[in-house]
Amino acid sequence: MLLVVLELVGIAVFAASGAVAAVRAGLDVFGVIVLALTTALGGGVLRDLLLGVTPPSALVHWPYLLVPAVTGLVVFRHHPRVARLRRAVLLLDAVGLGLFVTAGTSTALALGTPPYTACLIGMTSGIGGGAVRDVLLREIPLVLRREIYAVAALAGGVVVTSGHVLGLPPGPVALIATALVVAVRVLALWRKWNAPVARGFDA
Amino acid sequence: MLLVVLELVGIAVFAASGAVAAVRAGLDVFGVIVLALTTALGGGVLRDLLLGVTPPSALVHWPYLLVPAVTGLVVFRHHPRVARLRRAVLLLDAVGLGLFVTAGTSTALALGTPPYTACLIGMTSGIGGGAVRDVLLREIPLVLRREIYAVAALAGGVVVTSGHVLGLPPGPVALIATALVVAVRVLALWRKWNAPVARGFDA
Amino acid sequence: MLLVVLELVGIAVFAASGAVAAVRAGLDVFGVIVLALTTALGGGVLRDLLLGVTPPSALVHWPYLLVPAVTGLVVFRHHPRVARLRRAVLLLDAVGLGLFVTAGTSTALALGTPPYTACLIGMTSGIGGGAVRDVLLREIPLVLRREIYAVAALAGGVVVTSGHVLGLPPGPVALIATALVVAVRVLALWRKWNAPVARGFDA
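First to last, the sequence lines map onto chains A, B and C.
Quick note: the first sequence, position 92, residue 78 per the numbering used here, numbers continuous.
Quick note: the second sequence, position 135, residue 121 per the numbering used here, numbers continuous.
Quick note: the third sequence, position 93, residue 79 per the numbering used here, numbers continuous.
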C-alpha cells in the first residue's frame, strides 16, 4: 500500500518533469502527454524487466497510465512561465528521483531480491525515466551531467536497503530515504545556481 | 498463421522505412542494413520482453532476420529519388505502425494477456521500432512530433481488443484495425503536407 | 570460469572506451564513471534480458560493478592526450566488441539456446554497450557508421557457435573468435586512417 502510493506520487512528479521538458522543447499536446507517460513509466518498466516481472505492472493497472496522462495534460494547460521551466524540470526531477529510488528498492526487496541487487535496481529505476526523457529530447541525460545525481540515488537505495536488513519499520525509512535524495539534489542544484560552472556543462 | 504473415509484412515495411531513413542520413550499405534490422525488429523484441517471451521470437526464427536484411539491401540499391525520401519514410512508417499494432495486440491476447495490457503492449510494439530508428539517427521520434501518432496506434489496439472480447473473427478485425491506423496517419500527413504548421515542428 | 574472466576483461575494456568518450565529451568525474558503467554493463544486461536471466548477472555480483567503476576512475585521472583519444576509443571498442561477442555467444550456448539464436544474442551483447554509449553522448552509433562493425561481430559469433556445434575445446575457440573480431575491426580502422573516406562519415 505504502509502495503503491509512493510510486503513484513519483509517477505524477516524473510525468510533470517530462511534460515541462516537452513544453520547453516546443512539442504539441500529444507529444507532451506521450513524453509525460514515457518519463513517468520508463523507470518502473525497466525495473520490472530487470526483476523478471512481466508484463510490467505499469501496463497492468490503469492508474499507472491515468495519473501521468492527466498530469501531462494539466502541465500543458497551466505550465509556469518559460523563464522558470528549467528550474521546474530540475526540481520535479529531484523529487521524482527520490520517490522512484525508494519505491524501486523496496519493490525489489519485497520480491526477495538480495540487498546489493535491490539497491542497484532501485537506482536504475530512479535514473531510467529521466534518462529516457532526455534521450528522446536529444539531450545528454542529467545523470551524466550533474555530479551528485547517481550518488544521491545510491544514497537513497542504501538507506532503504539498510533499513530492510536491520528490520526497521519501512514507512519512516522510506520517508527518510526520499527526503535524503531530494535534499542532496536540491542542495547541489542550489549551489550550482549561485556558482559559475566550469567548462560550460550546466545545461 | 495470420499473425506470422501480418508480422512479416510489417517487418518488411518497417525495415524499408528504416533503410530509407538511413539512406537519407547518408549511411553506407552496412549501416542501412543494420538500421533496417533494428527498426524492423525493435518493436517485436520489446513486445516479447514485456510479455516475458525469451529469447524473443525475432531472434529464434530466421525469416525475421532475412526479410528485413533483404529489404534493406533492396532499398539501398533501388531507393526513390532523394526529394521523395521524406514522404516515403512517413508513408512506410504509417503502414508498419498499423501492421505492428495489430500483430502485437493479437500476440499479447493469444498469450492470455488481459485486454487492457494487450492493447498497451500492441501500441508499444508499433511505436517502439520507429522510436529506436529515430533515436539512433538522432532525431526526435515521430511519436513525439506527430499529433495523431499515438492516438492512431491506440485506436488500432482498441479495435483488435474489442474484436477479441466480442468474439469476432480475427482476420477481418485485424484488417480493419490495420486499415484504420494507416488511414488516420495518412489523413494526418496529407493534411499536413498541404497546410502550414504552427511553430515549425513539421520535421 | 573462462567465461567470467573473458567477460570481466571485456567489461574493463568497454568501461575504458566509455570513460575515454566521456572525457572527450567534457563530462566530470561522476559522468565519466556513470558512462563507463553503462557502456560496460549495457551489453550484458541486454543479453540477460533477451535470455530471460533476471536479475541480470551484472547487478548480482559486485565485481561486475567494481571493475568498470575503478576503470572509469583510472581513465579519468590518467587519460591519454586529447589528440589521441579518438583512436583510443576506437581501439578499446574493437577489443571490447571481440570479448563481448565471444562471452555473450558462449553464455547463450551454455544456457541451451539454439546456435542461431546464441549467435545473434552474442552479436547484440557485443554491439549493445557501445550503442548505448553513443546514444547517451548523442552520437550516431559506431555500428551504423563503420562498415565492418556488425560483420566483425557476426564472424565472432559464428566461430564460437561452430566450435560449440563441432565439439571443439571452448578455450582456444574463444581466443580465436576474439582475435578474429579485433583483427577485422583494427584492419578496417587502419585502412580508414590512411584512406580518404567518401561522403564524410568517418566521425
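Every residue gets a Cβ at the ideal spot worked out from N, C-alpha and C, and that includes glycine.
In this text, all values refer to a predicted model and were calculated from it rather than measured experimentally.
- Of all residues in the segment 116 to 127 of chain A, only V121, R124, I126 and P127 come within less than 7 Å of chain C when Cβ atoms are compared, listed by chain position.
- Residues of chain B whose Cβ lies closer than 7 Å to the Cβ of T103 (chain C) are, in chain order, P41, L45 and V46.
- Three or more beta-carbon pairs separated by less than 8 Å link the segment 28 to 37 of chain B to the segment 101 to 113 of chain B, which places the two stretches in contact.
- Spatial neighbours of L175 (chain B) in its own chain (CB-CB distance under 6 Å, excluding positions within 5 residues in sequence) are listed in chain order as L76.
- Under the Cβ distance rule, V151 (chain B) does not count among the residues neighbouring chain A, no pair being separated by less than 9 Å.
- Scanning its chain for C-beta atoms nearer than 7 Å, with the 5 sequence neighbours on each side dropped, one finds around P127 (chain B) the residues G116, A117, D120 and V121, in chain order.
- For V129 (chain B), the neighbours in chain A by C-beta distance under 7 Å run, in chain order, V20.
- Looking only at A:A163, A:A8, A:A1 and A:V81, the smallest Cα-Cα distance to T57 (chain A) is reached by A:A1.
- At a beta-carbon threshold of 7 Å, the residues of chain C lying near G17 (chain B) are L130 and R131, ordered along the chain.
- Taken atom to atom, the span from the alpha-carbon of I(-3) (chain A) to that of L51 (chain A) is near 9 Å.
- Close CB contacts of A163 (chain C) within its chain, under the 6 Å cut and outside five residues either way in sequence, are with T88, G142, V145 and V146 (chain order).
- For L13 (chain A), the closest Cβ of chain B is nearer than 9 Å.
- Within the model, the alpha-carbon separation for D14 (chain A) versus V168 (chain B) is close to 21 Å.
- Between A5 (chain C) and L(-8) (chain C), the C-beta spacing is not below 9 Å.
- In terms of Cβ geometry, V61 (chain B) and V(-5) (chain B) do not form a close pair [threshold 9 Å].
- Judged by DSSP secondary structure, H64 (chain A) falls within the alpha helix (DSSP H) whose first and last residues are P49 to H64.
- Against chain B, the CB of L83 (chain C) has no partner CB under 9 Å away; the residue lies outside that interface.
- Only exposed fits R177 (chain C), as fewer than 16 other CB atoms lie within 10 angstroms of its CB.
- Counting only Cβ-Cβ distances below 7 Å, L35 (chain B) has contacts in chain C at L35, in chain order.
- Excluding sequence positions up to five before and after V(-1) (chain B), its CB lies within less than 6 Å of the CB of L78, V81 and G82, all in the same chain and listed in chain order.
- A residue is called buried once 16 or more other Cβ atoms fall within 10 Å of its Cβ, and A96 (chain B), having fewer, is exposed.
- Residue C:L37 holds the alpha-carbon nearest to the alpha-carbon of L106 (chain C) among C:V170, C:V151, C:L37 and C:G17.
- Its Cα nearest to that of G98 (chain B), the residue B:H150 stands out among B:L166, B:A74 and B:H150.
- Excluding five sequence positions before and after G157 (chain B), the CB atoms of its chain that fall closer than 7 Å to its own CB belong to L(-12), given in chain order.
- For L76 (chain C), there are no neighbours in chain B by C-beta distance under 8 Å, as the nearest C-beta there is about 16 Å away.
- Taking 9 Å as the cut-off, the Cβ atoms of L123 (chain C) and A11 (chain C) count as close.
- Taking S92 (chain C) as the centre and dropping the five residues before and after it, the same chain places the C-beta of L(-11), V146, P156 and A160 closer than 7 Å to its C-beta, in chain order.
- I134 (chain C) carries a coil assignment under DSSP once its states are collapsed to helix, strand and coil.
- DSSP, reduced to helix, strand and coil, places R171 (chain B) within a helical segment of the structure shown.
- From the listed residues B:R73, B:P42, B:A94 and B:T40, the smallest Cα separation to A7 (chain B) is found for B:R73.
- Note on G114 (chain C): 16 or more other CB atoms within 10 angstroms of its CB, so buried under the neighbour-count rule.
- By the Cβ-count criterion, R63 (chain B) is exposed, with fewer than 16 other Cβ atoms from all chains shown falling within 10 Å of its own Cβ.
- The DSSP-derived three-state label of D34 (chain C) is helix.
- Close to V137 (chain B), with beta-carbon spacing below 9 Å, are these residues of chain A in chain order: F16.
- The three-state reading of DSSP puts P158 (chain A) in helix, counting H, G and I together.
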